[in-house]
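In case it helps, the UniProt record's numbering puts the sequence shown at residues 1 to 381.
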Amino acid sequence: MAAPITAAARDFLLLNPRPWRSFSYLHQNGAFLSTQAKNNQHNQKQKQKLTLSSKTTRSRVVSSALPFDLSPPPIDHDLIDTVATAGAKVSDDGIIETFDNDDQALDAADNGVAVVDLSHFGRIRVSGEDRIQFLHNQTTANFESLHQGQGCDTVFVTPTARTIDIAHAWIMLMKELNLGDLVEQPYGTHQHFSVDGMPITVGVGNVISEKGFSFLMSPATAESVWKTILSQGAIPMGSNAWEKLRIFQGRPAPQKELTNEYNVLEAGLWNSISLNKGCYKGQETIARLITYDGVKQRLWGICLAAPAEVGSILTVGGKKVGKLTSCTSGKKESGYIGLGYIKRQSVSEGDTVIVGDAITGTVVEVPFLAGQRPPSKSSSS
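(1) Between the C-alpha atoms of V207 and N240, what's the straight-line distance to the nearest angstrom?
(2) Hey, could you find the ends of the alpha helix (DSSP H) Q150 is sitting in?
(3) Who pairs with L339 in a beta bridge, going by DSSP?
(4) Grouping DSSP H, G and I as helix and E and B as strand, with all else coil, what is K319?
(5) Taking buried to mean at least 16 other C-beta atoms within 10 Å of its own C-beta, is Y292 buried or exposed?
(6) Cβ atoms of P307 and Y336: under 8 Å apart, would you say?
(7) Indicate whether the contact test is met: 3 or more Cβ pairs, each with one atom in the segment 316-336 and one in the segment 345-352, closer than 8 Å.
(8) Measuring straight from C-alpha to C-alpha, what distance separates D93 and L118?
(9) Among I302, Q138, Q249 and S91, whose alpha-carbon lies nearest the alpha-carbon of T360?
(10) In the structure shown, what three-state DSSP assignment does A308 receive?
(11) Is it the case that the Cβ atoms of V264 and V157 are separated by a distance below 8 Å?
(12) Do three or more CB pairs link the segment 245-259 to the segment 133-141 at distances below 8 Å?
(13) Starting from P367, trace the beta strand (DSSP E) both ways and give me its first and last residue.
(14) Is D153 near N271, with beta carbons less than 8 Å apart?
(15) Output the distance between the C-alpha atoms of A220 and S329, rounded to the nearest integer angstrom.
(16) Could you pull out every residue in the same chain whose Cβ sits closer than 6 Å to the Cβ of S346, ignoring the five residues on either side in sequence?
(17) Within 10 angstroms of the Cβ of K296, are there 16 or more other Cβ atoms? Answer buried if so, exposed if not.
(18) The beta strand (DSSP E) with A114 in it runs from where to where?
(19) Going by DSSP, what residues sit across from T163 in a beta bridge?
(20) Can you tell me whether I286 is helix, strand or coil according to DSSP?
(21) Measure how close the beta-carbons of L269 and Q150 come, nearest whole angstrom, since I'm counting them as under 8 Å.
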């Protein structure tokens with residue numbers, strides 16, 4: 001599948017990394033995290049995310065310097081106004097829901113390039129001398145093994161390793177900013193470009209895949225970059241199609257697959273977990289689950305014969321084995337696919353489950369979860 005690309009602007013980002021605009025003084029280094037939790041409306045008006053999907057590019061997600069626009073975006077160059085004028089349906093919260101082309105956008109994500117505004121995702125900036133240690137201790141990834149210009153997925157968990165949210169983090173080197181200063185010089189595999197005199201950082205990877213790219217840019221640049229990307233043949237994608245794509249790919253989402261009911265290992269987020277970085281929140285529980293093979297269920301994809309209500313019980317032979325957590329129609333409304341937690345030992349790929357009272361479902365692997373690999377105990381990840 002083609003992976004999205006991320007570009008930052010106004011309140012606009014491309015797939016993974018979110019754009020970041022700030023008026024605050026920053027320390028020399030900073031860590032930026034983007035989460036799926038919805039941000040408040042004030043923050044939405046300060047940041048914007050754009051995502052592209054490209055079938056031909058595959059690489060690791062890395063981070064890059066992020067320019068800071070210290071001036072307000074021009075009131076006559078607002079991306080939301082632009083897409084709304086073009087016919088997009090925009091919610092009261094400023095979320096671009098659809099361009100009435102969901103199937104075309106999903107096809108483009110598989111076979112071409114799709115671009116989506118994810119500015120409604122939450123963003124967190126962590127700065128200060130202890131920023132790396134803080135993130136290292138509070139989340140599941142090994143931040144101390146990262147260098148400037150690199151990034152990773154990491155999971156926020158409770159003390160008992162129950163899931164809260166998954167975030168994508170970028171480690172960025174920044175100069176101490178005074179009014180008028182901009183972050184300089186790219187690092188890692190990121191490169192800086194200029195559009196109408198405004199800096200743009202381009203990185204590899206996106207929220208749900210290692211394919212695609214992320215763009216970080218000034219809010220004032222968002223509209224012109226959006227139009228340029230579309231002029232090159234990219235297909236705009238709304239949040240409705242993006243949610244379908246998330247389920248197709250198997251990326252767990254907060255308040256759906258990521259809740260206090262499930263731990264991080266049941267969610268299958270192995271690539272976001274370090275086993276040897278020392279103590280951190282949830283670490284003891286994770287270690288016990290691995291040592292004593294205590295993971296009782298896992299997240300699967302489920303192909304459904306009919307639409308099913310989220311929360312429906314999954315059964316095999318009349319016995320409860322799990323619960324449906326997400327569901328959507330397939331491309332061109334052909335069939336349905338969902339995500340759900342199912343007890344280990346009760347099913348394998350290709351097995352049949354009953355969803356609710358009588359809906360038949362087939363257990364399938366989904367790309368995002370299939371790409372997760374349990375880390376070896378000797379790994380530094």
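Think of the CB as a built atom: it goes at the ideal place given N, C-alpha and C, for glycine as much as any other residue.
The structure says:
(1) Position 207 of the sequence shown, counting from 1, holds the residue named residue 207. Position 240 of the sequence shown, counting from 1, holds the residue named residue 240. Those two C-alpha atoms are separated by around 16 Å.
(2) For the purposes of this step, residue 150 is taken as the residue at position 150 of the sequence shown. From DSSP, Q150 is part of no alpha helix (DSSP H); its letter is neither H nor E.
(3) What you label residue 339 is simply residue 339 of the sequence shown in a count that begins at 1. For L339, which the question treats as bridged, DSSP gives the partners G301 and S326.
(4) Residue numbering aside, residue 319 sits at position 319 when the sequence shown is read from its first letter. If DSSP states are grouped into helix, strand and coil, K319 belongs with the strands.
(5) The sequence position of residue 292 within the sequence shown is 292, counting from 1. It is exposed - the Cβ of Y292 has fewer than 16 other Cβ atoms within 10 Å.
(6) Counted from its first residue, the sequence shown places residue 336 at position 336. Counted from its first residue, the sequence shown places residue 307 at position 307. The answer is yes: Cβ separation under 8 Å.
(7) yes
(8) Counting from one through the sequence shown, the residue named residue 93 turns up at place 93. Counting from one through the sequence shown, the residue named residue 118 turns up at place 118. Answer to the nearest angstrom: the Cα atoms are 12 Å apart.
(9) Mapped onto the sequence shown, residue 360 falls at position 360. Out of I302, Q138, Q249 and S91, I302 has the C-alpha closest to the C-alpha of T360.
(10) Numbered from 1 along the sequence shown, position 308 holds the residue referred to as residue 308. In the structure shown, A308 sits in coil (DSSP, three-state: anything other than H, G, I, E or B).
(11) Mapped onto the sequence shown, residue 264 falls at position 264. Mapped onto the sequence shown, residue 157 falls at position 157. Cβ atoms of V264 and V157: closer than 8 Å.
(12) no
(13) Counted from its first residue, the sequence shown places residue 367 at position 367. Looking at the DSSP string, P367 is not in any beta strand (DSSP E); the run it does join, the alpha helix (DSSP H), is P367 to A370.
(14) Locating residue 153 in the sequence shown gives position 153, where the first residue counts as 1. Locating residue 271 in the sequence shown gives position 271, where the first residue counts as 1. Yes, the Cβ-Cβ distance between D153 and N271 is below 8 Å.
(15) Residue numbering aside, residue 220 sits at position 220 when the sequence shown is read from its first letter. Residue numbering aside, residue 329 sits at position 329 when the sequence shown is read from its first letter. So the two alpha carbons sit approximately 36 Å from each other.
(16) Against the sequence shown, residue 346 aligns to sequence position 346. Only V316 and V321 meet the Cβ criterion.
(17) Numbered from its first residue, the sequence shown carries residue 296 at position 296. Exposed, because fewer than 16 other Cβ atoms sit within 10 Å of the Cβ of K296.
(18) Start at 1 with the first residue of the sequence shown, and residue 114 comes out as number 114. Unbroken beta strand (DSSP E) run through A114: A114 to D117.
(19) Translated into the one-based positions of the sequence shown, residue 163 becomes position 163. Per DSSP, V157.
(20) For this step, residue 286 is matched to residue 286 along the sequence shown. Note: I286 maps to helix in three-state DSSP.
(21) Taking the sequence shown and counting its residues from 1, one reaches residue 269 at position 269. Taking the sequence shown and counting its residues from 1, one reaches residue 150 at position 150. Not a contact, Cβ separation roughly 19 Å.
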